Amino acid sequence: MTSITPLSWPTGGTSSAISSYSIPLLIDAALKSQSSRVATISGASYTSAAFRSTLASAMAQAGL
Amino acid sequence: MSNSSFHTGLTDEGWQRAVHLEDVWGTVVILEVRSKELASDVENALADAAKFLHQVDDWFSTYRIDTPISALRMGFADVNQMPEVIQRVLEQCAQIRDLTGGAFDPWAVPGGVDPSGYVKGWAADVVADLLVERGFENVSINAAGDLSCRGLQAPDQAWVVGIRHPFDDQAIIGSTVLLNTSMATSGEYERGKHIINPFTKDRHLNLASATVVGPDGGLADALATALLIVGLDGVQWFQEFPDWSGFLVDSETIHTFGPAFMNLGAEL
Numbered sequence: 245m246t247s248i249t250p251l252s253w254p255t256g257g258t259s260s261a262i263s264s265y266s267i268p269l270l271i272d273a274a275l276k277s278q279s280s281r282v283a284t285i286s287g288a289s290y291t292s293a294a295f296r297s298t299l300a301s302a303m304a305q306a307g308l
Numbered sequence: 198m199s200n201s202s203f204h205t206g207l208t209d210e211g212w213q214r215a216v217h218l219e220d221v222w223g224t225v226v227i228l229e230v231r232s233k234e235l236a237s238d239v240e241n242a243l244a245d246a247a248k249f250l251h252q253v254d255d256w257f258s259t260y261r262i263d264t265p266i267s268a269l270r271m272g273f274a275d276v277n278q279m280p281e282v283i284q285r286v287l288e289q290c291a292q293i294r295d296l297t298g299g300a301f302d303p304w305a306v307p308g309g310v311d312p313s314g315y316v317k318g319w320a321a322d323v324v325a326d327l328l329v330e331r332g333f334e335n336v337s338i339n340a341a342g343d344l345s346c347r348g349l350q351a352p353d354q355a356w357v358v359g360i361r362h363p364f365d366d367q368a369i370i371g372s373t374v375l376l377n378t379s380m381a382t383s384g385e386y387e388r389g390k391h392i393i394n395p396f397t398k399d400r401h402l403n404l405a406s407a408t409v410v411g412p413d414g415g416l417a418d419a420l421a422t423a424l425l426i427v428g429l430d431g432v433q434w435f436q437e438f439p440d441w442s443g444f445l446v447d448s449e450t451i452h453t454f455g456p457a458f459m460n461l462g463a464e465l
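Listed in order, the protein sequences are those of chains A and B.
Quick note on my numbering: the first sequence kicks off at 245 and runs consecutively.
Quick note on my numbering: the second sequence kicks off at 198 and runs consecutively.
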């Protein structure tokens, strides 16, 4: 859907062991369809007060 | 004293699920096990594993005055007087400080040493392994955004995990599978400005979100925060770790490296 640009690394040597891509910041349709299989979510730490409104909370408790 | 809840259900594929939510550390930790048939003592097993999270609080809370780490911070105790587990965690933190050239530095914050940036991811790994030792093959721990997964989420399906979109709290921006590995994400979109750049001593960060995937949850947690501070230059730390991966988001671009995100480019 978009062009992908490998990053160039600040150092030489063994950097070829790492591959890297930059892609435009979009929520892709492919990711959305994949999300039905997503079991849980990683993100910045939330407080207990904010927990109920997080996607992680919704996913953990879906269908329970 | 602590708030917790226990729930059970079925996956779409018919596996049994058990979920335990534990209020601890000012946040909520999710413990989940899945199997074709879960052991009858699953509720007790999850509650027992969650007790470790409170033990971690008893050791490492900087919000309580009665913890060993607070005694160390206030100068009432020497590091040699700390419980062995605290000494080991601080040794790990010192190694990560060296690896990151000081971008992760629990000693550079006001108020004394604070290893919190390592402890959450480390504790998620310990809890996951406690449940594996107890006989649960398929385990997912979500410690307020730091994940540690073991086994599968469904028949022939490793755990699929999403990364929260830093600018949309109901969207994911990426996903991958965790094969007995851990994932940590650092950002300031949940709790506001709370990370100090140890180089500039201010609050300038170079990324909106930094996610690290690897076989060590504590290291992943620490490196995610270090990448958030340093930005793309921090990718050089991973040259010795080809099995580690990263997913970095700035104001307009996603940058990825490592095997966990290798297929991402191909899909788009």
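In this text, a Cβ means the ideal position worked out from N, Cα and C, and glycines have one as well.
Source: prediction; values computed, not measured.
If you draw a straight line from the alpha carbon of A300(B) to that of V306(B), how long is it in whole angstroms? 12 angstroms
Which residues of chain E have a Cβ atom closer than 8 angstroms to the Cβ of W356(B), listed in chain order? Note that chain E does not occur in the displayed structure, where the protein chains are A and B.
*Based on the DSSP secondary-structure assignment, which residues constitute the bridge partners of E387(B)?*
For E387(B), which the question treats as bridged, DSSP gives no partner whatsoever.
Interface partners of A262(B) on chain A, CB under 9 angstroms: Looking at the sequence shown, residue 262(B) is not Ala but Ile. Chain A residues near I262(B): none, gap ~21 angstroms exceeds 9 angstroms.
TODO: Could you work out which residues of chain A lie near T408(B), taking near to mean beta carbons separated by less than 7 angstroms?
DONE: S286
Margin query: Can you tell me which residues form a DSSP beta bridge with C346(B)?
Written below: S337(B)
- R388(B) CB to nearest chain A CB: under 8 angstroms? yes
- Task: Would you check if the distance between the CB atom of S289(A) and the CB atom of A341(B) is smaller than 8 angstroms?
- Result: yes
Could you give the distance in angstroms between the alpha-carbon of L287(B) and the alpha-carbon of E210(B)? 43 angstroms
Using C-beta distances below 7 angstroms, list every residue in its chain close to R270(B), excluding the 5 sequence neighbours before and after it, in chain order. T259, G308, G309, V310
message: Can you check which of these residues, S372(B), G414(B), R400(B), D399(B), is closest to L445(B) by C-alpha distance?
response: S372(B)
Pairs of beta-carbons, one from the stretch 363 to 378 of chain B and one from the stretch 249 to 258 of chain B, closer than 8 angstroms: are there three or more?
no
query: Helix, strand or coil: which one does DSSP assign to T141(B)?
result: Residue 141(B) lies beyond the stretch modelled for chain B, which goes from 198 to 465, so this question has no answer here.
inquiry  = What does the Cβ neighbour count give for P197(B), buried or exposed, with the cut at 16 atoms within 10 Å?
reply    = Given that chain B is displayed from residue 198 to residue 465, the structure contains no residue 197(B) and the question cannot be resolved.
* To do: Measure how close the beta-carbons of L243(B) and L228(B) come, nearest whole angstrom, since I'm counting them as under 8 angstroms.
  => 5 angstroms
_Just to confirm my understanding: we take A419(B), look at its own chain, exclude 5 residues before and 5 after, and list those with CB closer than 6 angstroms. What are they?_
I293, F301, G314, Y315
Given a cut-off of 8 angstroms, decide if I285(A) and Q358(B) are closer than it, judged by their beta-carbon atoms. A small fix is needed here, since residue 358(B) is Val in this sequence, not Gln. In this structure, I285(A) lies closer than 8 angstroms to V358(B) by Cβ.
Thinking C-alpha only, which one of Q284(B), Q433(B), H217(B), E387(B) is nearest T297(B)?
Q433(B)
Cross-chain neighbours of L344(B) in chain A, by beta carbon under 9 angstroms
T284, I285, S286
Check your understanding: How long is the line joining the alpha carbons of S201(B) and V276(B), rounded to whole angstroms?
Key -> 33 angstroms
task: For A274(B), I'd like the list of residues in its chain whose CB is within less than 8 angstroms of its CB, leaving aside the five on either flank, ordered along the chain.
output: P265, A268
query = When the cut-off is 8 angstroms and only beta carbons count, does Q284(B) lie next to chain A?
reply = no
Does the Cβ-Cβ distance between L425(B) and L402(B) come in under 8 angstroms? yes
query = Any idea what DSSP makes of A381(B), helix, strand or coil?
reply = strand
- Between the stretch 380 to 391 of chain B and the stretch 210 to 226 of chain B, are three or more C-beta pairs nearer than 8 angstroms? no
| Nearest to R285(B) by CA position, among A457(B), W319(B), G272(B), is which residue? | W319(B)
Host alpha helix (DSSP H) of G314(B) (start-end): 313 to 330
Relative to the C-alpha of G443(B), which candidate in E437(B), Y386(B), P456(B) has its C-alpha closest?
P456(B)
* **Best match in V226(B), H204(B), S232(B) for proximity to Q350(B) [C-alpha to C-alpha]** => S232(B)
Expressed to the nearest angstrom, what Euclidean distance is found between the alpha-carbon atoms of F216(B) and I370(B)? Before going further, note that residue 216(B) is Val rather than Phe in the sequence given. Answer to the nearest angstrom: the Cα atoms are 25 angstroms apart.
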